[in-house]
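Below is one structure, written out as structure tokens, with a few remarks after it.
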DNA sequence: CTGAAAGCGCTTACAG
DNA sequence: CTGAAAGCGCTTACAG
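Protein chains in written order, with full-length UniProt numbering: chain R, 1 to 346; chain D, 1 to 346.
The following block contains the structure:
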């Protein structure tokens, strides 16, 4: 079986009728439709996507761009795989397929996206890992490709995004530690220009100042967002002249490396140093003492991203209310034991 | 800028010449080519993939099918992200793009693949998680879509595959444990029909028997290949009337759950029970005592998969020798301390 | 309700 | 070296 032509020939009707029958158009005799459907099923015929796309100007494919850097691999981040399920549950309603587009680490993300967009492989894009200045946002805006980002950026002031509540997490983490008597609280920040780092540290700073604690730049530890980065952070913490009594992590897997480095020096998390992590991750659950961190549903985030994206696509917007609001995605505190001690005055 | 027609118009030449210039055909005046290239760059023109695919009958896209089940998400497996880099390094040489096709957990993998193949979104496929009987292999063979699998299967006797050396791992693990005096060695096996489970257990059985140790079905513990599965395995081990002195795990993350369950009962891995894991994973490196396990390069595996696939594609086979040989991918032992004790007679 | 025909954006023999 | 034209597989006005 090749194409619609062969199928039509075998049924002795025109390709137009076959197409209409297959696409559920109302102006087809019911008996004809049944014959066509049966034959298509028998021959395993499915419309060639290229022909269809060329004619309709749409591909019915949505792309999710991810970065497959060595760092991402080492981190073994399940973030996007988790989000994927939620996205698909929304897209499936409209027979849209999701493909993940991995940008190789040796390719510039902007160039990669440009190529994907120009080739018109997808109708819309979801991008993530937004940088403070992110040219991809201009690119997509100018190309008029519907898109939504995971993460804010300064690059444009009006585009659809959903971002995790980094402010809220930093604020609540600081509050929690201050309530337990901590005044010297360190924080980790990513060494890259990813936007969330700025948001996170800024909220930390504001919350500290609200409590009359001066912001000390030496307590902002810039490391990679990885297990290794956590180890490095532990190392740097221990070297500080006046050691902090607490540390807030920006990335869940850092806790693993941090714990290890601390324990190597006989410093016990949850007893000698309070630790609060970011997102609850299955892999971090084994930590002893259990890590205090924040939890969210990746699936629900995927659903929200999918709906927001469709609300911005002409063909689907009727089904989704676009209130124009971007979303700060809330996270729920999971109290562990890594910060469960009251600091006694030294 | 829309299509080739507009670009040709702006240059006042025919679309045929533009196409030839852009595609590096030799029969184009060098000056003309330069003008075309400059204009294309300026307008950000890139050939529409649908038009191109339709005409050429190829998409220049390779698909990597992955399964985004809840289990896969929880496991946070970086396996495919790691392989991706290697694949891309090969594909980039031929301007082929890689897309990851996530099959939703509520869709039957065979149906999903059928749809992807029929729509002709990709020129070739890489599939994984091969089952003992896997209809996807017949599907791809019949559709004449070039493909390569990660994992063997009984479904066909001649198709290109690369599989991890499960035999070798099981064999060496058993040898190692026997050499340390163990006779009662348990093994975990996946509860699904995934082919590797059969290979793994069969090799374990053969090696035991070679050492005169009878195979005891009660020591084959069927659990999910996940952290939770490891916990469950630990639980079942402890319940066995005659407790084994060693256990071999089929999946790296199981070690995390296993350790936890054992420690809850005061059973210390590496002292009270020998443990050997499968693949070395960044996340498992924190385990105390360090896990004895096996190591491999995901990147190199990706390169090998990419090359094997291209050797089976008419358009690229000239560049790659296809010796028809499938590959059993070797893993290297990383000796930890989880099995570093000699069993003394009880 | 159905058929014949146009055309989506490309690439490539074929002429010249 | 270049242009004009055919045609890849579809969908969809347009006639009837």
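Glycine included, each C-beta is placed from N, C-alpha and C at the ideal position.
Give the DSSP-derived three-state secondary structure of residue i in the structure shown.
{"i": "residue 125 of chain D", "result": "strand"}
{"i": "residue 169 of chain R", "result": "helix"}
{"i": "residue 88 of chain R", "result": "helix"}
{"i": "residue 424 of chain R", "result": "Any question about residue 424 of chain R goes unanswered here, given that chain R covers just 1 to 346."}
{"i": "residue 147 of chain D", "result": "strand"}
{"i": "residue 410 of chain R", "result": "This structure leaves residue 410 of chain R out entirely; chain R is present only between 1 and 346."}
{"i": "residue 174 of chain R", "result": "helix"}
{"i": "residue 207 of chain R", "result": "helix"}
{"i": "residue 247 of chain R", "result": "strand"}
{"i": "residue 109 of chain D", "result": "helix"}
{"i": "residue 164 of chain R", "result": "strand"}
{"i": "residue 188 of chain D", "result": "strand"}
{"i": "residue 141 of chain R", "result": "helix"}
{"i": "residue 4 of chain D", "result": "helix"}
{"i": "residue 65 of chain R", "result": "strand"}
On the premise that residue j lies in contact with residue i, defined as a C-beta separation below 8 Å, what is that separation, rounded to the nearest angstrom?
{"i": "residue 218 of chain R", "j": "residue 250 of chain R", "result": "Wrong, their Cβ atoms sit about 17 Å apart, outside the cutoff."}
{"i": "residue 340 of chain R", "j": "residue 270 of chain R", "result": "6 Å"}
{"i": "residue 234 of chain D", "j": "residue 261 of chain D", "result": "3 Å"}
{"i": "residue 329 of chain R", "j": "residue 298 of chain R", "result": "Incorrect: roughly 10 Å between the Cβ atoms, too far for contact."}
{"i": "residue 27 of chain R", "j": "residue 20 of chain R", "result": "7 Å"}
{"i": "residue 253 of chain R", "j": "residue 227 of chain R", "result": "5 Å"}
{"i": "residue 59 of chain R", "j": "residue 117 of chain R", "result": "Not really, about 12 Å apart at Cβ, beyond 8 Å."}
{"i": "residue 276 of chain R", "j": "residue 176 of chain R", "result": "7 Å"}
{"i": "residue 201 of chain R", "j": "residue 189 of chain R", "result": "5 Å"}
{"i": "residue 206 of chain R", "j": "residue 48 of chain D", "result": "That pair is no contact at about 48 Å."}
{"i": "residue 54 of chain R", "j": "residue 51 of chain D", "result": "6 Å"}
{"i": "residue 187 of chain R", "j": "residue 154 of chain R", "result": "The pair is not a contact, with the Cβ atoms about 21 Å apart (cut-off 8 Å)."}
I'd like to know whether the C-beta of residue i is nearer than 8 Å to at least one C-beta of chain D.
{"i": "residue 15 of chain R", "result": "no"}
{"i": "residue 105 of chain R", "result": "yes"}
{"i": "residue 98 of chain R", "result": "yes"}
{"i": "residue 54 of chain R", "result": "yes"}
{"i": "residue 86 of chain R", "result": "no"}
{"i": "residue 247 of chain R", "result": "no"}
{"i": "residue 49 of chain R", "result": "yes"}
{"i": "residue 127 of chain R", "result": "no"}
{"i": "residue 260 of chain R", "result": "yes"}
Please report the distance separating the alpha-carbon of residue i from that of residue j.
{"i": "residue 324 of chain R", "j": "residue 147 of chain R", "result": "13 Å"}
{"i": "residue 309 of chain D", "j": "residue 160 of chain D", "result": "8 Å"}
{"i": "residue 203 of chain D", "j": "residue 292 of chain D", "result": "19 Å"}
{"i": "residue 36 of chain D", "j": "residue 103 of chain R", "result": "28 Å"}
{"i": "residue 286 of chain D", "j": "residue 79 of chain R", "result": "21 Å"}
{"i": "residue 7 of chain D", "j": "residue 85 of chain D", "result": "35 Å"}
{"i": "residue 99 of chain R", "j": "residue 14 of chain R", "result": "34 Å"}
{"i": "residue 304 of chain D", "j": "residue 150 of chain D", "result": "11 Å"}
{"i": "residue 245 of chain D", "j": "residue 178 of chain D", "result": "11 Å"}
{"i": "residue 152 of chain R", "j": "residue 192 of chain R", "result": "15 Å"}
{"i": "residue 259 of chain R", "j": "residue 111 of chain D", "result": "45 Å"}
{"i": "residue 114 of chain R", "j": "residue 18 of chain R", "result": "37 Å"}
{"i": "residue 3 of chain D", "j": "residue 327 of chain R", "result": "36 Å"}
{"i": "residue 9 of chain R", "j": "residue 90 of chain D", "result": "42 Å"}
{"i": "residue 197 of chain R", "j": "residue 322 of chain D", "result": "48 Å"}
{"i": "residue 135 of chain D", "j": "residue 294 of chain D", "result": "31 Å"}
{"i": "residue 331 of chain R", "j": "residue 162 of chain D", "result": "42 Å"}
{"i": "residue 215 of chain R", "j": "residue 144 of chain R", "result": "42 Å"}
{"i": "residue 165 of chain R", "j": "residue 130 of chain R", "result": "15 Å"}
Quick one: does residue i have its CB under 8 Å from some CB of chain R?
{"i": "residue 145 of chain D", "result": "no"}
{"i": "residue 101 of chain D", "result": "yes"}
{"i": "residue 237 of chain D", "result": "no"}
{"i": "residue 118 of chain D", "result": "yes"}
{"i": "residue 43 of chain D", "result": "no"}
{"i": "residue 92 of chain D", "result": "yes"}
{"i": "residue 68 of chain D", "result": "yes"}
{"i": "residue 4 of chain D", "result": "no"}
{"i": "residue 81 of chain D", "result": "yes"}
{"i": "residue 46 of chain D", "result": "yes"}
Touching by the beta-carbon criterion (3+ pairs, under 8 Å), the region 51–68 of chain D and the region 122–129 of chain D: In the pairwise beta carbon analysis, the region 51–68 of chain D is classified as touching the region 122–129 of chain D: at least three pairs are separated by under 8 Å.
Cβ contact check for the region 28–43 of chain R and the region 88–103 of chain R: 3 or more pairs under 8 Å: No: the two stretches stay apart, fewer than three of their Cβ pairs being nearer than 8 Å.
Inter-stretch contact at 8 Å, needing at least 3 Cβ pairs: the region 133–144 of chain D / the region 177–189 of chain D: By the Cβ criterion, the region 133–144 of chain D is not in contact with the region 177–189 of chain D, since fewer than three pairs of Cβ atoms, one from each stretch, lie closer than 8 Å.
Take every Cβ of the region 297–315 of chain R, pair it with every Cβ of the region 104–112 of chain R, and state whether three or more of those distances are shorter than 8 Å. The answer is no - the region 104–112 of chain R does not touch the region 297–315 of chain R, with fewer than three Cβ pairs under 8 Å.
Inter-stretch contact at 8 Å, needing at least 3 Cβ pairs: the region 228–243 of chain D / the region 163–179 of chain D: Not touching, per the Cβ criterion.
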